[in-house]
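This report concerns only the one structure given below.
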Amino acid sequence: MKITTFFDNFLKKKSIFSNKKVLQSSYFPDNVLYREEQIMEVANILAPALRLEIPSNLFIFGKTGCGKTLTVKHILKSMEETAQKNNTSLKTIYINCKLKRVADTEYRLIARLIKEFNQQIPSTGLPTDEVYNIFYNILEKENKIIILVLDEIDQLTKKIGDEILYNLTRINSELKEAQICLIGVSNRLFFLDNLDPRVKSSLSKEEIIFPPYNALQIQTILQERAKQAFKPEILKSGVIEKCAAYAAREHGDARRAIDLLRIAGELAERSGSPTVEIYHLDDAEKKIEHDRVINSVVDQPKQFQNVLYSTLLIAKQKNIFFTGEIYDLYKKICKKTKLSILTQRRISDIIAELDMLGLINAKIISKGRYGRTREISLALTEDITIKINELLEKSLGLS
DNA sequence: AGGTATTCACATGAAACTATTCTCTGAGTTAGG
DNA sequence: TAACTCAGAGAATAGTTTCATGTGAATACCTGT
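Everything in the first sequence is counted per the numbering used here, starting at 526 for the first residue and increasing by one.
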């Protein structure tokens, strides 16, 4: 088939989606379902800002996909609108600290903040306190109340400690004109416990916990989205229910449920099916897992891939193995691929990372007289393993 | 038998080092007046 | 003399290395019966 006819056919085929955007993770719905209570709570706390009084700092907790980000963004938006109407000098800033190479270090976070005030800062080369100074100066000039939301704030402190948070909370006492209100968002409930007590007390004047959605609520949310996203009569009965049930099992993660529905739709469309069936959901579930794993492998450094490759090789021989065995094989493969051999210390960390990514299961055990090590087994299905193996051989230049 | 001490094979932490990427600065060079 | 170039100093960051310390239980070694 010629490629042009393929495209012609593609266009002729009518899509089962009417508006796929609604299911994309970047989509921002007009109203947030089942979070009225939380919205009111947050709004109550932040409202003083509209009268140019600084609100208390606020902390928001809740599992992934339970509407934290959505709620906060929703409120920020309407606050900005109100402020604009009344000509109040209020500025809201939303930053996701998890984004790699955007806001995951002290320097980059401040640089990002400066960018919010339409000024450019070089990505490197300046001393950090210089960047702070620039930031302070901008703030003084702006003379505004600023509401700063730090999403996934735990990622930030995990990497670089809580010094930034301390500095941010201190800004208020150092600045005359502008004032900052901090809102931390995290999905780890005990996050506050390992913070500097000074930071903790000033940061968590108010705390709100978001409960996860239950299956019924997710169902309604999905229905709402599906109504806009798909053309009528596309979804077979039971699809939404199953999708919701699946997500409820995963601690009520609505985002996951929506992703699942979208992928299922895409799969159905690609296979030429006029409707979305239950089995498309199962396929979608597999595909999501598949993509997640592949993506987590592809853009890792060579050494990381090397360790993973060694692990896969050993896993072919036996189900359960230990750190030392991986290290031995790793060294051999390094010679073959002409990579420099890293120390066992580093390999230990890399193995821990593999565990974090869910590629392997590692458990620290003690073999008594024969030492202490990680007991490792592969956490991947057969077909994914083969796929990754291919990928790694290509990437490492083995045939 | 029962109790204690050892010992293995790593895990875990902290600090220091390295290579890369980037800015800023100021000396030296060049072109034009 | 102003504009340009280019090397060198200083920073941030990711990935490592070095050094130090921790650790759980199977075994070795006692002890007294």
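C-beta atoms are modelled at their ideal positions from N, C-alpha and C, and glycine is treated no differently.
Around serine 835, the same chain offers Ile851, Leu854, Tyr855 and Ile858 as residues with beta carbons nearer than 7 Å, after the five sequence neighbours per side are excluded.
Within the DSSP bridge table, the entry for glutamine 704 names Ile670 as partners. Using a 10 angstroms sphere on the CB of asparagine 712, the tally of other CB atoms reaches 16 or more, which defines it as buried. Straight-line spacing of the CA atoms in proline 554 and glutamate 791 works out to 21 Å.
With a threshold of 16 other beta carbon atoms within 10 Å, valine 823 falls short and is exposed.
Boundaries of the beta strand (DSSP E) harbouring phenylalanine 584: 583-587, taken from the DSSP string.
For phenylalanine 755, no alpha helix (DSSP H) encloses it, and the DSSP letter there is neither H nor E. In the DSSP assignment, no residue is bridged to phenylalanine 660. The beta carbons of alanine 636 and glutamate 665 sit about 18 Å from each other, so the pair does not count as a contact at 8 Å. Partner residues in the beta bridge of phenylalanine 735, as assigned by DSSP, are Gly587. For alanine 887, the enclosing beta strand (DSSP E) has its first and last residue at 885-891. In terms of Cα proximity to leucine 558, the closest of Arg899, Ala772 and Ile746 is Ile746.
DSSP places threonine 898 in the uninterrupted beta strand (DSSP E) bounded by 897-903.
Under the 8 Å Cβ criterion, the segment 602-613 does not count as touching the segment 730-737, having fewer than three qualifying pairs.
In this structure, DSSP gives asparagine 719 a helical state, which the three-state scheme calls helix. Rounded to whole angstroms, the separation of the alpha carbons of leucine 577 and isoleucine 570 is 13 Å.
Asparagine 692: member of the alpha helix (DSSP H) spanning 688-699, first to last residue. Taking all protein chains shown into account, glutamine 644 has fewer than 16 neighbouring C-beta atoms within 10 Å of its C-beta and is therefore exposed. Contact between the segment 666-686 and the segment 627-642 is present: 3 or more CB-CB pairs across the two stretches fall below 8 Å. Residue range 907-921 is occupied by the alpha helix (DSSP H) that includes asparagine 914. For phenylalanine 642, the secondary structure class from DSSP, reduced to helix, strand or coil, is coil.
Isoleucine 913 is a Cβ neighbour of leucine 837, given a cutoff of 9 Å. Residues of the same chain with a CB within less than 6 Å of the CB of glycine 590, apart from the 5 flanking positions on each side, are Asp778, Ala779, Arg780 and Arg781 in chain order. Excluding the 5 residues flanking it on each side, phenylalanine 829 has same chain C-beta neighbours closer than 6 Å at Ile875, in chain order. Each of Leu720, Ile788 and Thr613 was checked against the Cα of lysine 545, and the nearest Cα belongs to Ile788. Around the beta carbon of arginine 750, 16 or more other beta carbons sit within 10 angstroms, so the residue counts as buried. Below 8 Å, enough C-beta pairs join the segment 751-761 and the segment 532-551 to call them touching: three or more. Taking C-beta atoms as the reference points, leucine 806 and leucine 786 count as a pair closer than 9 Å.
The DSSP-derived three-state label of asparagine 612 is coil. Burial is judged here by how many other beta carbons sit within 10 angstroms of a residue's own beta carbon; arginine 795 has fewer than 16 and is exposed.
Taking C-beta atoms as the reference points, tyrosine 738 and alanine 770 fail to come closer than 9 Å.
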